[in-house]
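Below: one structure, written as structure tokens.
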């Protein structure tokens, strides 16, 4: 691979990182406006509220940057970047088509899971550095939630890796077959739910619940720093939906076997899953902190272990 080719691939990754989260954010504005009869997001700019996302960006830019007196300024400033950048790094190894990946790693799945777990440090850093007890409580809740849901997430992904016989994301897509939708369905559900919990998306948003603990670790953030945390959330949605597509839904593979349309099928699957994420936010109440932990340890972990055992049995029988 030449230096120019590396630069071009990385440029495409950065462009996707900047564009796709904004499209998911716009989709959320419109979907929630229709589902909850919200009139505001449907008027900005005229036709169907096309300028709502732009209006939000202008609002964040105009807000004053406030740093609490008791805050650790260095950590306080770095936290949004720590929360956001891991998702950019993950996109580097996600294949969107045959050979269309910036960096094809043989241990791509291991790399992705390791890097994604770093993003929670942004919430912990934000809560600790703010000099605010509400923010610190939110940061600790974020860490506790990550610890609970990281295990079923990894076990569900391990089930797919065992079924495919490889840790390469491209290799998993190539090994995928439609019948995986049946016997890997529990792993799909576990992975998706655990991913939502790690992103603090409703109904798993207790650590950042504004009505309970004043937006948790982000309580003291304003302006563009706060906007970066929101962008990290939408970037996380993109990464979660992309990984779910690659691991469980055949990635770029479509129903007609036309590899030229691989990126199109990949994006269709990604945005369908993103719509499901938004739908869950609109239609489900927030879980309590104890319910979050019980769901992880008493439901998802046993199910993921059972799925892992099932995958082992199927692989042995198929040999």
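Numbering (the numbering used here), first residue to last: 56 to 374. Note that the Cβ used here is the ideal one computed from N, Cα and C, for glycine as well.
query	result
Helix, strand or coil, according to DSSP, for residue 2 in the structure here?	Past the edges of the chain, shown from 56 to 374, lies residue 2, and the structure says nothing about it.
Around the C-beta of residue 84, are 16 or more other C-beta atoms found within 10 angstroms, so that it is buried, or is it exposed?	buried
According to DSSP, which residues form a beta bridge with residue 155?	152
Any heavy atom of the ligand GTP closer than 7 Å to the Cβ of residue 147?	Inclusion of the ligand GTP in the displayed structure is not the case, the ligand content being empty and no account of it being possible.
Out of 214, 259, 221 and 233, which has the shortest C-alpha to C-alpha gap to residue 241?	214
Beta-carbon separation of residue 148 and residue 156 under 8 Å?	yes
Measure how close the beta-carbons of residue 303 and residue 243 come, nearest whole angstrom, since I'm counting them as under 8 Å.	4 Å
Helix, strand or coil: how does DSSP classify residue 238 here?	helix
So, are the CB atoms of residue 165 and residue 108 less than 8 Å apart?	no
What does a CB cutoff of less than 7 Å around residue 187 pick up in its chain, not counting 5 residues either side in sequence?	123, 274 and 275
Just to check my reading of the structure: residue 252 and residue 347 have Cβ atoms closer than 8 Å, yes? What is that Cβ distance to the nearest angstrom?	7 Å
Give me the Cα-Cα distance between residue 194 and residue 119, rounded to the nearest whole angstrom.	23 Å
CA-CA distance, residue 362 and residue 324?	24 Å
Just the Cα atoms here: how many angstroms apart are residue 235 and residue 246?	14 Å
I need the boundaries of the alpha helix (DSSP H) containing residue 142, first residue and last residue.	128 to 146
Between the alpha carbons of residue 94 and residue 106, how many angstroms are there, rounded?	14 Å
Any chance you could list the alpha helix (DSSP H) runs of at least 4 consecutive residues sitting entirely within the segment 195 to 245, in chain order?	224 to 230 and 235 to 238
Please confirm whether residue 197 and residue 271 have their CB atoms less than 8 Å apart.	yes
Distance, Cα to Cα, residue 159 vs residue 225?	7 Å
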